[in-house]
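Before any comments, here is the structure.
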Amino acid sequence: MTPQTIAYREALRQGLREALIRDDRVFLMGEDVGRYGGTYAVSHGLLEEFGESRIRDTPLSESTFTGAGIGAALNGMRPIVEIMTVNFSLLALDQIINNAATLRHMSGGQLSVPLVIRMTTGGGRQLAAQHSHSLEGWYAHIPGLRIVAPATHEDARGMLLAALEDPDPVLIFEHALLLGAEGTVEGEPHPMELDHAAIRREGGQVSLITYGGMLHKSLAAAEQLAAEGIDTEVLDLRTLRPLDDAAIMASVAKTHRLVVVDEGWRSGSLSAEIITRINEQAFFELDAPPVRVCSQEVPVPYAKHLEDAAIPQVEDIVAAVHRLMGGSGSGGAS
Amino acid sequence: MTPQTIAYREALRQGLREALIRDDRVFLMGEDVGRYGGTYAVSHGLLEEFGESRIRDTPLSESTFTGAGIGAALNGMRPIVEIMTVNFSLLALDQIINNAATLRHMSGGQLSVPLVIRMTTGGGRQLAAQHSHSLEGWYAHIPGLRIVAPATHEDARGMLLAALEDPDPVLIFEHALLLGAEGTVEGEPHPMELDHAAIRREGGQVSLITYGGMLHKSLAAAEQLAAEGIDTEVLDLRTLRPLDDAAIMASVAKTHRLVVVDEGWRSGSLSAEIITRINEQAFFELDAPPVRVCSQEVPVPYAKHLEDAAIPQVEDIVAAVHRLMGGSGSGGAS
Amino acid sequence: MNASPPREGPEASPAIGAAGLDDPARARALLWQMIRIRRFEEKCAELYSAGKIRGFLHLYIGEEAIAAGAMPALRDTDNVLATYREHGHALARGVPAGAIMAEMYGKQEGCSRGHGGSMHLFDASRRFVGGSAIVGGSLPLAVGFALADRLAGRDNVTVCFFGDGAVAEGEFHESLNLATLWQLPVLFLCENNRYAMGTALERHQSQVDLAAKAAAYRLPSESVDGMDVVAVSRATEAAIDQVRGGQGPMFLEYRTYRFRAHSMFDPEHYRDKAEVEQWKQRCPVETFARDAVACGLLEASVRDEIEREVAEEIDAAVAFAEAGTWEPVEHLCRDVYAREARP
Amino acid sequence: MNASPPREGPEASPAIGAAGLDDPARARALLWQMIRIRRFEEKCAELYSAGKIRGFLHLYIGEEAIAAGAMPALRDTDNVLATYREHGHALARGVPAGAIMAEMYGKQEGCSRGHGGSMHLFDASRRFVGGSAIVGGSLPLAVGFALADRLAGRDNVTVCFFGDGAVAEGEFHESLNLATLWQLPVLFLCENNRYAMGTALERHQSQVDLAAKAAAYRLPSESVDGMDVVAVSRATEAAIDQVRGGQGPMFLEYRTYRFRAHSMFDPEHYRDKAEVEQWKQRCPVETFARDAVACGLLEASVRDEIEREVAEEIDAAVAFAEAGTWEPVEHLCRDVYAREARP
Ligand SMILES: Cc1ncc(C[n+]2csc(CCOP(=O)(O)OP(=O)(O)O)c2C)c(N)n1
Ligand SMILES: Cc1ncc(C[n+]2csc(CCOP(=O)(O)OP(=O)(O)O)c2C)c(N)n1
Ligand SMILES: [Mg+2]
Ligand SMILES: [Mg+2]
């Protein structure tokens, strides 16, 4: 089979379609997933193909339709809940943390919540502070949740299928800026495992550790750096909880220098967790203090030049690598 | 004036009382703060003294009474919203993040939200998974919020007064296990500033960086370590956002070894942020990889022996220091 | 079915009572279940004082007619969701008393392996998703349980117990709307004991007639005397039949009262002793026992028999809990995920 | 005041219309405001296509009678909260068109310094806390604004505009309960345009009569023809008087329709063109202009006059926005906190 070139949104839709075909227990529920065709047109056409009982438009009530997904999962179904964007998921956090993440352990292992929650995440489209959060790294703090961030088209299509096979709640964060991007997938839709990070570019001098929307900026930065003769490895975490420590440490053991690139606000970001784990597990591999490139600590503003300045850009990544390779040793954060 | 010995809960009450006396714009609002006397008896007697219009019992509706606090603050009042415990604050997160933290910047600096939100936090009372969260470090990820954690009786009494003078939203986390603990306060209630960490015990060989409920366990550990001849400094962060980097770096520059003690779940905890900042600002001061003592990554269980094992204990802190001083160099996390 | 006007005091509604029953075996079973719950909880209070039970403990004493009257109307395949005040529901649903008691001791023989305690009783085999300690948090779950049954074509009913306090939470609103919109087989069961902790109904609801409030979602709703086990039983049976028949969700308000404090920490500043005493006159156990004997449905001796049976069962439950074992600390992080996972 | 039965189609209610007015100056002002909003937004759509405005843009076209009719009833000291579909409200409240346009350009001369864009228009000096992009998120704020006025002894009213979709959110429920319980001076103004994005009213509300739904909280509620600027104006004035009088909160439903897509990205799969066309027959601008002339309240020439004035104002607004400047990037993190703070 020859590879297909499709938009990320189309890869997501192929995954959803395959999931609905494979397993009768799967259904999709959320605001405007049906009649409207999905806010970002991801689920367009699925209502016509699978009908109202499996493609369910909900009222505006994030807490309750998320909780209903948990209940349906407890009662034998394999629901896919779409929360339109991560920004609105704050309304459903009680259900996600106090129920989805907790019920298995709190019940002594009796209950299982095989639920998938999908949401778009990230900034970059001038939607301002209430519509530009990147909270996937923040969600990764919660035991009981599995957090994934498909950055490639294969992952966009296949991580959903793997997530549906997982007996625990999986949150899938789809970066809004990727939706229209073209990429390739091969063969029929198939599950893409959730356990391992993936090296997207091999390199020997410095590691860029990243995920989701920032993968592509990191790859672009690596290209530029290659032109300057800096041989950069790019590691795509894929799953943010649990982290693939082995892959992180292996990359660090190879390059001894790293930059974490993460769209979350700097303080308390996932990047801090990664750097701390490296301190714990590979401290003496480090040739220089690790550096992170994160979002500025500001509610993301509307104006394009301000938004661009708030969110990590390719130049910021390149500059961070320069700082790191310059070896000043006091690499400040972006 | 001679110092008074009072319970932490009484120190909190003195602060509340003083706030209500000082400023007519101050009122207290939350579930059962009035008739019931406060779930933890903190506000007991205030209804009788200040009346119903200033001590307001609310229905169970965390999102709305928190949002109403934001609205009242925008409209000239100085509300104190009590969310009974951090566990229920998840229901109010949208208001806290998308409104309280965001409105000043998003309005171009026009709006101000001088709101104080108080809540109890932490485990240790066998209340199980849904009632034992320690999420203050997680809240510290959010720009626009000020996060404080009074660990001493003076701070319990006085940080509220300083918080009310702050033009921005301040979240005060009061550790449930401290409520009954006795301690001293001096003189009349007065504001305790929010900007600086405090050294609670001077030492030269290792720094314990901590806050809130863990301060007392850290001090107890330092006592034990002193008996063994290990000279331990204990730094109380007091404010978790913004962090007092200068105080942290100064302590590290003095001792060159540190353990962060934090009741949050390990991954993505505040401890990771602190260790990462030290990497960024004082990497070459480190004589050994920093170590953290955090909660195990599990919803906190009910049974006492399991709960004790889930939450950092004095022995865990002592053991971490031993590991660090042993200098194995691969200090794993507790 | 429509909303009836609110009753302000503890007076009984035009009585159904024991007189409405004609089956002695059923009368005995109802009385037995109420006494069993009462004595079990009195034992819990005792064990709490003795330090054997810890954490929060919320007693159901005074409200037993609800769990005892409602639960027999359910099938094994139906689903039950409840709150942190759920000992009575667990017992009535058939969760063994020993497993409940062991849970409160924190032993691994407990119905939640000691992870949950009093507020989190679970028994998947009995479809009892009992314990939720976030007020209102189980309503959305109930909607989801019902949705799953509907999608799978099973004619099960999901019942969800919650308090008057939960009615103020947004999830109540969202859940009633969604269940009604989708016509799901869920029965919302509000145990209106007139207080949310220390906040009286009229201080937390602008509309104190909760059945009328529910009716605004266009689902059938009704109020029942929750101190009368026969009235509870009848109303719940009828509602379950209707919901099982595919007529969409329903709402029942049980008007009741808790005789004890909210939890073991509550000093009860907020209500008069006299009010409590007045309601105690309507104790569901005593009124039903008295009426059942008076109308010849039960022999006077049955009461003692039941007390003996129950005492034995509770002694055995305590012994079971005492003999239980502590889960090894090394197992602490098991069951966070089904697949073994690094964090 | 009580709930009236829902109207299913776009037919007018027993008309008030221009005939209900006798003041030509007022008629002119109403027409002017509606046309101003209409033309302003048409310009926005044009500028969006030209790439001058970015992000989300939600047009109010079709609903102008509401902002135009309601806002004059307010005092300067009253508070106005709205949603992301708030250009009309901002204009009617007196926020200068130039400041709004500059905001949409992202210029620092914008009413939110370019930080907010179309969805977040603010003007503290006019007590306009316009833009909230979280559906339902401003209802609790409105309750708090009203509480502050009450506590401070000021007789201001707070009005809060929101859509039919917001009625499904938990915060609607909690806010109506709290405002009614505490009898706060807040007026809830629901712009029911029959769709929440692509989800029709009857597919998101089990009770489609929203005034009846609100009445369940025991606050006075009423439905108004939102396509009739005079009806809007009358009902809103009466409601504001009543709320200001200290009679507690009120709820008004304006029945309206949006003529355009939900946002610039909406392909409108979910509704028939015929439905839209039918509603356009009731265009608030055209019907009012026609009636006002027909009944002799306005000269036919007034329409052209207004169009000229408005075109001038909008040209000036665009020029102001074009001439606006970009906030220096170095100021990015200012105004996160009032006190300069390290993170
Ligand atoms: C969301 C949330 N807020 C607050 C609490 C604290 N709390 C526990 S029980 C309770 C009162 C609940 O009252 P009600 O629903 O009437 O049930 P009852 O206790 O009377 O059975 C409160 C406020 C909680 N557990 N969850
Ligand atoms: C909490 C939340 N959920 C979802 C959205 C996405 N969204 C934006 S507008 C909208 C529809 C709102 O409909 P309605 O309240 O009727 O207002 P209208 O747009 O019709 O004026 C939705 C679902 C949001 N902004 N906030
Ligand atoms: Mg109650
Ligand atoms: Mg609408």
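Protein chains in written order, with the numbering used here: chain H, 500 to 833; chain D, 500 to 833; chain P, 26 to 368; chain X, 26 to 368. All C-beta atoms in this analysis are idealised placements derived from N, C-alpha and C, irrespective of residue type, glycine included.
query, result
"Beta carbon proximity, X:Ala191 to chain H, threshold 8 angstroms", "yes"
"Where H:Thr495 meets chain P, residues with beta-carbon distance less than 8 angstroms", "The structure shown does not extend to residue 495 of chain H, since chain H spans only 500 to 833, so no value can be given for it."
"Cutoff 8 angstroms: X:Arg307 Cβ touching any chain D Cβ", "no"
"Amino acids of chain H, ordered along the chain, whose beta-carbon sits closer than 8 angstroms to that of D:Val797", "His604 and Pro642"
"When H:Trp764, H:Pro668, H:Arg603 and H:Ala771 are compared against H:Arg617, the one with the closest alpha-carbon", "H:Pro668"
"C-alpha gap between D:Asp593 and D:Ile777, whole angstroms", "32 angstroms"
"Burial state of X:Arg333 (16 or more Cβ within 10 Å)", "exposed"
"Near ligand 5: P:Asn218 beta-carbon under 7 angstroms from a heavy atom", "No copy of ligand 5 occurs in the structure displayed; its ligands are ligand 1, ligand 2, ligand 3 and ligand 4 alone."
"Distance, H:Ala696 Cα to H:Thr501 Cα", "25 angstroms"
"Cβ contact (3+ pairs, closer than 8 angstroms) linking the stretch 590-610 of chain H and the stretch 676-694 of chain H", "no"
"P:Val257 beta carbon near ligand 1 (any heavy atom closer than 7 angstroms)", "no"
"In DSSP terms, what D:Gln503 is bridged to", "D:Val684"
"Chain D contact residues for P:Ala158, given Cβ-Cβ distances below 9 angstroms", "Asn586, Leu626, Ala627, Ala628, Gln629 and His630"
"Range covered by the beta strand (DSSP E) that runs through P:Cys215", "Val211 to Asn217"
"Anticipated Cβ contact below 8 angstroms, H:Gly636 with H:Leu739, distance rounded", "6 angstroms"
"Residue ranges of each beta strand (DSSP E) within the stretch 66-140 of chain X, 3 or longer", "104-106"
"Residue range of the beta strand (DSSP E) that includes P:Phe186", "Thr183 to Gly188"
"Residue range of the alpha helix (DSSP H) that includes X:His198", "Gly195 to Leu206"
"Neighbourhood of P:Glu278 by C-beta, 6 angstroms cutoff - its chain only, sequence neighbours within 5 removed", "Cys215, Asn217, Leu235, Ala236 and Ser248"
"Nearest candidate by alpha-carbon position, reference H:Pro800, set X:Glu324, X:Leu209, X:Ala44 and X:Gly139", "X:Gly139"
"Rounded separation between D:Gly544 and D:Glu509 - CA only", "11 angstroms"
"Chain X contact for P:Arg243 (CB, 8 angstroms cutoff)", "yes"
"Helix, strand or coil at H:Ala696 [DSSP, three-state]", "coil"
"Residue-level contact to chain H via CB, P:Asp101, 8 angstroms cutoff", "no"
"Within chain P, partners of X:Leu206 - CB distance below 8 angstroms", "Arg228, His229, Gln230 and Ser231"
"Where D:Glu772 sits in the DSSP three-state scheme", "helix"
"Cutoff 8 angstroms: H:Gly550 Cβ touching any chain P Cβ", "no"
"Three CB pairs or more closer than 8 angstroms across the stretch 189-204 of chain P and the stretch 121-136 of chain P", "no"
"Beta-carbon contacts of D:Gly703 that lie in its chain and below 8 angstroms, excluding the five residues immediately before and after", "Asp730, Glu732, Lys753 and Thr754"
"Outcome for P:Gly24 when other beta-carbon atoms lying within 10 angstroms are tallied against a minimum of 16", "Given that chain P is displayed from residue 26 to residue 368, the structure contains no residue 24 of chain P and the question cannot be resolved."
"Any non-hydrogen atom of ligand 4 within 7 angstroms of H:Pro531 CB", "For clarity, residue 531 of chain H is Asp in the given sequence; the question names Pro instead. No, Cβ of H:Asp531 sits at least 7 angstroms from all heavy atoms of ligand 4."
"Partner residues on chain D for P:Glu194, Cβ-Cβ distance less than 7 angstroms", "Leu559 and Ser560"
"Residues near P:Ile62 in its chain [Cβ-Cβ closer than 6 angstroms; skip 5 each side]", "Glu89, Gly113 and Leu116"
"Residues of its chain near X:Glu227, where Cβ-Cβ distance is below 8 angstroms and the 5 sequence neighbours each way are ignored", "Val233"
"Residues of its chain near P:Cys136, where Cβ-Cβ distance is below 7 angstroms and the 5 sequence neighbours each way are ignored", "Val120, Ala124, Ile125, Glu128, Leu146, Phe147 and Asp148"
"Residue from P:Gly141, P:Tyr85, P:Met222 and P:Arg100 whose Cα sits closest to the Cα of D:Pro558", "P:Met222"
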